[in-house]
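Colleague:
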Amino acid sequence: MDVWLSALAMTAIVAVRYLVTSGAFAWATDKVRPGLYKGLGAQMRREIGWSLASAAVYGAPAGIVAWGWQQRGWTRIYADVHAFPLWYLPLSLFLYLFAHDTWFYWTHRLLHRPAWFRVAHAVHHASRPPTAWAAMSFHPIEAISGAVVIPALVFVIPIHIAVLAAVLAIMTLMGVTNHMGWEMFPQAFVRSRAGGWLITASHHQIHHERYQCNYGLYFRFWDRLCGTDKGLAET
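Take 484 as the starting number for the sequence shown in our numbering and just add one per residue.
#1: So the alpha helix (DSSP H) W589 belongs to, where does it begin and stop?
#2: With A615 and A509 assumed to form a contact (beta carbons below 8 angstroms), what rounded beta-carbon distance in angstroms separates them?
#3: Leaving out the 5 sequence neighbours to the left and right, which residues in its chain are closer than 8 angstroms to E717 when beta-carbon positions are compared?
#4: What three-state label does DSSP hand I722 in the structure shown?
#5: I'd like to check one pair, Y501 with M619: are the Cβ atoms closer than 8 angstroms?
#6: Hey, how far is the Cα of T512 from the Cα of L519?
#7: In terms of alpha-carbon separation, which member of H691, R592, M663, Q670 lies closest to P517?
#8: Have a look at the DSSP bridge pairing and note the partners of F702.
#9: Pick helix, strand or coil for I633, following the three-state DSSP scheme.
#10: Of the residues H595, W705, A539, G699, which one's Cα is nearest the Cα of L488?
#11: What does a CB cutoff of less than 6 angstroms around H591 pick up in its chain, not counting 5 residues either side in sequence?
Quick look at the structure:
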């Protein structure tokens, strides 16, 4: 497949993945929390528009990397499950999530500096309150900062193709569920010791309410280490 066709195909995949996942959780929200998105029709249409633009920003580098892996063997992606010990599979999953979370935390804090916020991040925070459609509602500058991480990591850290798919699934699901405005996990888990290290809607909702806190993507490690963890919302 030509590299540009690969980029176009991946853009379409990212767009469809977003529409299906966000659409499913928006539908679930209507059933579980009827009226939560009442009066937000114009905002949700704007979120969808920005998110579909972001799909192209995310899809293009992903498509180029996929082409490079299949046609040129450029990356550290592997298909033979026995190429590395089996214990490396969960380890590589954690390494990718932690590296992505680290990049996200520090770039997210940068985007909250006044100049960067006005230029780019204000688009995302224009969702008040965020909905399930807001997961990829980014200015192109912010979308670029998020789109480069996983494509860069596949050149550095070996990962099985199935584990890479799991990383992308987790990224998609957490991006949507953390913005949908209600907590789908039991409070007993969210407020448990284990749950206290993970970011869910209860944690990220505080960020959208107070801005200068709770910057993480998957884990609360950097927020806790840097004193930016401000607890959980009642969602």
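All residues carry an ideal CB built from backbone N, CA and C; glycine is no exception.
Modeller: Reading off the structure:
#1: 571-594
#2: 4 angstroms
#3: S685
#4: This structure cannot speak to residue 722, because the chain is shown only from 484 to 718.
#5: yes
#6: 7 angstroms
#7: M663
#8: L681
#9: helix
#10: A539
#11: Y698
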